[in-house]
Amino acid sequence: MSHPLITQTHIVTYQRDGVVLVKGLFADHVDALRSGVERNMVDPGPYASNNDKAGETGRFFDDYCNWQRIEEFAEVIRNSPAAEVGADLMQSQTAQVFHDHVLVKEPGTSMATPWHQDGPYYFVEGRQTVSFWSPLDPVTDASLRCVAGSHLWEKPVLPTRWTKGDAFFDPAPYMPVPDPDAEGMDIREWEMEPGDAVAFNYGTLHGARGNKSVARRRAFSLRLLGDDARYIARPGPTSPPFPDHGMQPGARLREDWFPTLFKRA
493 MSHPLITQTH IVTYQRDGVV LVKGLFADHV DALRSGVERN MVDPGPYASN NDKAGETGRF
553 FDDYCNWQRI EEFAEVIRNS PAAEVGADLM QSQTAQVFHD HVLVKEPGTS MATPWHQDGP
613 YYFVEGRQTV SFWSPLDPVT DASLRCVAGS HLWEKPVLPT RWTKGDAFFD PAPYMPVPDP
673 DAEGMDIREW EMEPGDAVAF NYGTLHGARG NKSVARRRAF SLRLLGDDAR YIARPGPTSP
733 PFPDHGMQPG ARLREDWFPT LFKRA
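Per the working numbering, the very first residue in the sequence shown carries number 493; after that it's consecutive.
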């Protein structure tokens, strides 16, 4: 039986389209997440960026891998229904934490989040993956945008750096970054309330517009792994890099760094 927040329709949609909206996933934890984001912005981690890009206005702050030092994030990750819901959507017996990600677009931020798939940046592969993107402010046109079915594409999309646009790795094995609007792709996006969450597969192409409103757009993301997720060696540093992890190709991710949050009885 799935968690009460979702139905079998959510699961079928997620498996088919690689993306689905989960209403109220973090509804009971919005204040804690807002507090954690403020703490994160005051005390950024080593991977934090304001995404300064020539010709763009505003501030687009993002940072990741802070849940082990920001207690609000740890509390939400461990006590929210996200892990169980994630396991249901992935059709996995377990849900293992990969990392957290904070993205804040201040009012008047022109920079869009570029179209990308998360998976090619990571050192993990598997069919059973899920990322939750949850706004902490009401959102309309600054919401997440996902291309339905892109998690089933035969070739991954080239991972690039958001501000410079250069490739992370040799482009040969990858397809060029498409323009879903120009190509008429099936883009899913929703107006969302704080605590709602878009769930999407690591292979789902996604992006977001800039924030032209007069209000901040704070978002918290949580990335989880399922039963079949395994470490894979990439030809260079990944994002996040997780240096000195010591894992070998084909291994499950080490539990002391990436603990299992949910295990089905």
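Note that beta-carbon positions come from the ideal geometry of N, C-alpha and C, so glycine has one too.
Quick caveat, the model's predicted, so the values are computed rather than measured.
task: Output yes or no for whether 8 Å exceeds the beta carbon distance between Gly-687 and Ala-519.
output: Your numbering for residue 687 matches position 195 in the sequence shown. Your numbering for residue 519 matches position 27 in the sequence shown. Contact: yes.
Q: Quick one: measure Cβ to Cβ for Ala-579 and Phe-754, integer angstroms, because I've assumed they're closer than 8 Å.
A: Taking the sequence shown and counting its residues from 1, the one referred to as residue 579 is at position 87. Taking the sequence shown and counting its residues from 1, the one referred to as residue 754 is at position 262. Going by Cβ atoms, the distance from Ala-579 to Phe-754 rounds to 5 Å, so yes, they are a contact pair.
- First and last residue of the uninterrupted alpha helix (DSSP H) at Gln-588: By one-based count along the sequence shown, residue 588 stands at place 96. Counting along the chain, no alpha helix (DSSP H) covers Gln-588; the unbroken beta strand (DSSP E) around it starts and ends at 586-597.
Problem set entry | Contacts around Thr-505, its chain only, beta-carbon distance under 6 Å, and the 5 residues preceding and following it disregarded | Numbered from its first residue, the sequence shown carries residue 505 at position 13. So the qualifying residues of the chain are Val-512.
| said: Using the three-state DSSP reduction, which class does Pro-612 fall into: helix, strand or coil? | reply: In the sequence shown, the residue the question calls residue 612 occupies position 120. Helix at Pro-612.
Self-check item: Nearest candidate by alpha-carbon position, reference Thr-652, set Glu-530, Ala-640, Tyr-614, Glu-548
Solution: As a first step, residue 652 is located in the sequence shown; it is residue number 160 there, counting from the start. Closest by alpha carbon: Tyr-614.
**Asked** Any contact of the region 674-685 with the region 565-574, i.e. 3+ C-beta pairs under 8 Å?
**Response** No contact exists between the region 674-685 and the region 565-574.
Length at least 3, wholly inside the region 659-734: the beta strand (DSSP E) runs in chain order: Within the region 659-734, the complete beta strand (DSSP E) segments of 3 residues or longer fall at 689-692, 698-700, 709-717, listed in chain order.
Review point. Using the rule of at least 16 other Cβ atoms within 10 Å of the residue's Cβ for burial, across every protein chain shown, is Gln-609 buried or exposed?
Key: The residue you call residue 609 lines up with position 117 of the sequence shown. Under the 10 Å beta carbon count, Gln-609 is surrounded by 16 or more other beta carbons and is classified as buried.
I'd like the list of long-range same chain contacts for Ile-679, defined as Cβ closer than 8 Å, with 5 residues on each side in sequence excluded. Position 187 of the sequence shown holds residue 679. Setting aside the 5 residues that flank it on each side, Ile-679 is surrounded in the same chain by Arg-637, Cys-638, Val-639, Ala-640, Pro-672, Asp-673, each with a C-beta closer than 8 Å to its C-beta; the list follows chain order.
Original post:
Taking all protein chains shown into account, do 16 or more other C-beta atoms lie within 10 angstroms of the C-beta of Met-493, making it buried, or fewer, making it exposed?
Top reply: Counting from one through the sequence shown, the residue named residue 493 turns up at place 1. With fewer than 16 other Cβ atoms within 10 Å, it is exposed.
Take the Cβ of His-502 as the centre, count every other Cβ of all protein chains shown within 10 Å, and call the residue buried at 16 or more, exposed below.
-> Looking up residue 502 in the sequence shown gives position 10. Buried: at least 16 other Cβ atoms inside 10 Å.
- Hey, out of Ala-664, Gln-583, Ile-569, whose CA is closest to Val-522's CA? Counting from one through the sequence shown, the residue named residue 522 turns up at place 30. By alpha-carbon distance to Val-522, the top candidate from Ala-664, Gln-583, Ile-569 is Ile-569.
Local conformation of Arg-637 per DSSP, three classes: Along the sequence shown, read from residue 1 onward, the residue named residue 637 stands at position 145. Reduced to three states, the DSSP call for Arg-637 is strand.
Are the region 628-636 and the region 704-714 in contact at 8 Å, needing three or more beta carbon pairs? Touching, yes.
Pick out whichever of Lys-545, Ala-604, Ala-540, Leu-497 has its Cα sitting closest to the Cα of Thr-655. By one-based count along the sequence shown, residue 655 stands at place 163. Residue Lys-545 is the option with its Cα nearest to Thr-655.
Any chance the region 525-533 sits against the region 583-597, with 3 or more Cβ pairs inside 8 Å? Segments in contact, yes.
Cα-Cα, which of Gly-702, Pro-751, Gly-611 is closest to Ser-731?
Within the sequence shown, the letter at position 239 stands for residue 731. Considering only alpha carbons, the answer is Gly-611.
ask   = If you draw a straight line from the C-alpha of Thr-586 to the C-alpha of Ala-691, how long is it?
value = Against the sequence shown, residue 586 aligns to sequence position 94. Against the sequence shown, residue 691 aligns to sequence position 199. Going by the C-alpha atoms only, they are around 16 Å apart.
message: Need the endpoints of the alpha helix (DSSP H) that Tyr-506 sits in, please.
response: In the sequence shown, counting from the first residue as 1, residue 506 sits at position 14. Unbroken alpha helix (DSSP H) run through Tyr-506: 500-509.
For this session: Would you check if the distance between the CB atom of Leu-689 and the CB atom of Val-514 is smaller than 8 Å?
Result: The sequence position of residue 689 within the sequence shown is 197, counting from 1. The sequence position of residue 514 within the sequence shown is 22, counting from 1. For the sequence presented, residue 689 should be read as Ala rather than Leu. Yes, the Cβ-Cβ distance between Ala-689 and Val-514 is below 8 Å.
Inset, instruction - Determine the closest residue to His-698 out of Phe-590, Asp-748, Ser-623, Gly-516, with distance taken between C-alpha atoms. - result: Taking the sequence shown and counting its residues from 1, the one referred to as residue 698 is at position 206. With distances taken between Cα atoms, His-698 lies closest to Ser-623.
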